[in-house]
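Enquirer:
In the UniProt record's numbering, the protein residues as written are 1 to 474.
Structure (structure tokens):
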């Protein structure tokens with residue numbers, strides 16, 4: 001769709017930010033609602049964030065994240081005014097750098113903006129009703145990556161419109177629902193799904209514009225569906241979320257009306273969802289409970305209505321207010337962006353794997369020393385200390401949610417107090433047992449020192465795990 005020029009680096013202007021293990025935060029100048037990742041290979045970690053202000057004048061800002069240094073850079077020239085709060089943002093959905101550098105926004109209209117090195121300018125305003133000075137608000141849109149000339153929008157006037165970007169004209173306009181349409185998502189060439197205030201998820205095929213298929217209806221009467229996200233890598237699966245619901249409904253379009261599973265571990269309303277690009281096996285959901293949950297849902301071969309409660313693979317919790325938006329990076333799959341109030345946070349879900357591998361190695365080393373002491377002296381009494389090592393992780397896993405934070409908290413209660421007692425008893429036992437065994441001549445002195453070395457390594461493991469649990473919210 002045109003020629004390209006080599007990207008000019010952003011000015012080295014450091015923005016207000018916070019760094020934690022696996023979590024990088026950027027403080028915006030305004031409350032953030034909409035966000036998007038760039039798909040261009042030369043701008044892999046560029047994001048756009050849209051403000052949420054009650055005024056007519058709102059803002060869209062481009063932010064560049066440096067993956068190597070974990071720093072954010074901004075350029076005041078790459079902030080532009082936007083009428084009303086942008087309901088959605090999307091960059092040109094192509095990795096090819098020969099394509100123009102564009103970003104689309106929605107609000108009162110669908111707009112296309114051209115990004116230059118030192119400024120951003122409006123390229124196209126899409127208006128399908130030029131005879132009227134009023135337009136129905138556009139609630140969302142989806143830019144097709146399989147055909148970059150197609151953008152599908154949805155509106156409060158119950159219609160869905162497919163635009164031809166190159167011709168800047170309406171390709172198709174459909175009365176899609178009985179009430180306002182809140183979200184839309186492409187599921188393949190000529191196929192898209194939409195959700196509405198009428199509580200239904202409908203699928204449309206542009207080859208037959210007179211019909212639509214209702215594949216799901218909210219079981220709560222008169223309760224809207226607010227979000228729909230089609231799995232672009234595996235189009236059999238669609239995810240949707242209802243208003244004020246803590247559940248993410250996963251549907252297999254081959255078996256309509258009956259959900260494949262419902263993900264219900266959020267403690268508040270779910271606000272946004274995003275499938276993992278390129279793989280399509282995982283989905284991330286965020287909500288009012290200030291948590292981002294990653295679910296492994298495709299290929300499980302289970303249905304949640306069979307009594308099996310699906311658990312998230314990973315979760316991120318923050319002390320901030322509700323998380324409003326989530327987007328999975330299309331090029332760097334380990335990065336996920338979430339937005340809450342005026343804070344943009346980038347979550348990296350790969351760091352924890354290396355940390356856990358190191359902790360597992362240290363834990364294994366402490367156990368191997370126990371086994372070494374037993375083998376050298378043909379005596380299995382030293383393994384009593386190993387039992388103490390097993391007691392310590394149990395409270396962390398079952399009572400602390402995989403974290404040792406509860407050990408230093410002032411919180412009490414039956415189970416927490418019991419967990420603290422078990423942890424303390426195991427630490428004392430790990431020291432006392434080798435001394436008692438040596439005093440009773442049941443082990444050699446050298447075996448006792450091996451035991452103490454093992455205990456020292458284990459203490460280091462626990463301290464590292466505790467520090468990681470304080471610094472890493474994953």
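Beta carbons: idealized from backbone N, C-alpha and C, even for Gly.
(1) Along the beta strand (DSSP E) that carries residue 326, what are the first and last residues, could you check?
(2) What is the rounded straight-line gap between the Cα of residue 129 and the Cα of residue 56?
(3) Please state whether the Cβ-Cβ distance between residue 231 and residue 280 is less than 8 Å.
(4) Spell out whether any CB of chain D is found under 8 Å from the CB atom of residue 164.
(5) My assumption, with CB atoms under 8 Å, is that residue 141 sits in contact with residue 151. Please give the rounded CB distance.
(6) List the whole-angstrom C-beta distance separating residue 263 from residue 285, where the pair is believed to meet the contact cut-off of C-beta under 8 Å.
(7) On the criterion of 16 or more Cβ atoms from any shown chain inside 10 Å, does residue 209 qualify as buried, or is it exposed?
(8) With DSSP run on the structure shown, which of helix, strand or coil describes residue 233?
(9) Give the C-beta separation of residue 311 and residue 294 to the nearest angstrom, bearing in mind that I take them to be a contact with Cβ-Cβ under 8 Å.
(10) Going by Cα to Cα distance, which pick from 177, 127, 24 and 143 is closest to residue 89?
(11) On the DSSP bridge list, what partners appear for residue 69?
(12) When the Cα atoms are used, what is the spatial distance from residue 118 to residue 109?
(13) So, for residue 201: in the same chain, excluding its five sequence neighbours on each side, which residues have a beta-carbon less than 8 Å away from its beta-carbon?
(14) Rounded to a whole number of angstroms, what is the C-alpha to C-alpha distance between residue 331 and residue 36?
(15) As a quick exercise: from 341, 347 and 91, pick the residue whose alpha carbon is nearest that of residue 333.
(16) Would residue 488 pass as a contact of residue 59 if the rule is Cβ separation under 8 Å?
(17) Residues in the same chain with beta-carbon distance under 8 Å from residue 247, minus the five sequence neighbours each way, listed in chain order, please.
(18) Nearest to residue 475 by alpha carbon, out of 342, 335, 339 and 340?
(19) What residue range is occupied by the uninterrupted beta strand (DSSP E) comprising residue 33?
(20) Counting only runs of 3+ residues fully inside the segment 181 to 241, write out the beta strand (DSSP E) ranges in chain order.
(21) So if DSSP puts residue 248 in a beta bridge, which residue, or which two residues, is it bridged to?
(22) Would residue 445 be called buried (16 or more neighbouring beta carbons within 10 Å of its own) or exposed?
(23) If you draw a straight line from the alpha carbon of residue 307 to that of residue 274, how long is it in whole angstroms?
(24) Between which residues of its own chain and residue 185 is the CB-CB distance below 6 Å, once the five residues before and five after are set aside?
(25) With DSSP run on the structure shown, which of helix, strand or coil describes residue 118?
(26) Does DSSP classify residue 80 as helix, strand or coil?
(27) Output the distance between the C-alpha atoms of residue 26 and residue 136, rounded to the nearest integer angstrom.
(28) Among the candidates 253, 337, 98 and 257, whose CA atom is the shortest distance from the CA of residue 291?
(29) Are residue 154 and residue 183 close, meaning C-beta to C-beta below 8 Å?
(30) Return helix, strand or coil for residue 40, following the three-state DSSP convention.
(31) From residue 33 to residue 105, what distance separates their C-alpha atoms?
(32) Closest by CA to residue 554, which one among 277, 223 and 244?
(33) Can you tell me whether DSSP reads residue 126 as helix, strand or coil?
Expert: Based on what the coordinates show:
(1) Counting along the chain, the unbroken beta strand (DSSP E) around residue 326 starts and ends at 325 to 328.
(2) 21 Å
(3) Yes, Cβ-Cβ distance for residue 231 and residue 280 is below 8 Å.
(4) Reference to chain D is not applicable here, since this structure consists of a single protein chain.
(5) 6 Å
(6) At roughly 7 Å, the Cβ-Cβ gap stays under 8 Å, so residue 263 and residue 285 are in contact.
(7) The residue is exposed, with fewer than 16 neighbouring Cβ atoms inside 10 Å.
(8) Coil.
(9) That belief does not hold up - the Cβ atoms of residue 311 and residue 294 are roughly 11 Å apart, past 8 Å.
(10) When only C-alpha atoms are compared, the closest one is 143.
(11) The secondary-structure analysis by DSSP pairs residue 69 with nothing; it has no beta-bridge partner.
(12) 25 Å
(13) 193, 194, 195, 214, 215, 216, 217, 225, 228, 238, 240 and 251
(14) Their backbone Cα atoms lie some 12 Å apart in a straight line.
(15) When only C-alpha atoms are compared, the closest one is 347.
(16) Residue coverage of the chain in this structure runs from 1 to 474, which leaves residue 488 outside it and unanswerable.
(17) 241, 262, 263, 264, 266 and 270
(18) A query on residue 475 cannot be resolved here, the shown segment of the chain reaching from 1 to 474 and no further.
(19) 32 to 37
(20) 181 to 188, 191 to 196, 200 to 205, 212 to 217 and 225 to 230
(21) Note: residue 248 sits in a beta bridge opposite 241 and 263.
(22) exposed
(23) Low confidence applies here, because residue 307 scores a pLDDT of 46, under 50, leaving its location unreliable and the question unanswered by this model.
(24) 142, 193, 228, 229 and 230
(25) coil
(26) strand
(27) The alpha-carbon atoms of residue 26 and residue 136 are separated by roughly 33 Å.
(28) 337
(29) yes
(30) In this structure, residue 40 counts as coil in the three-state DSSP scheme.
(31) 12 Å
(32) Because residue 554 is not part of the residues shown, which for the chain are 1 to 474, the question remains open.
(33) In the three-state DSSP reduction, residue 126 falls in the strand class (E or B).
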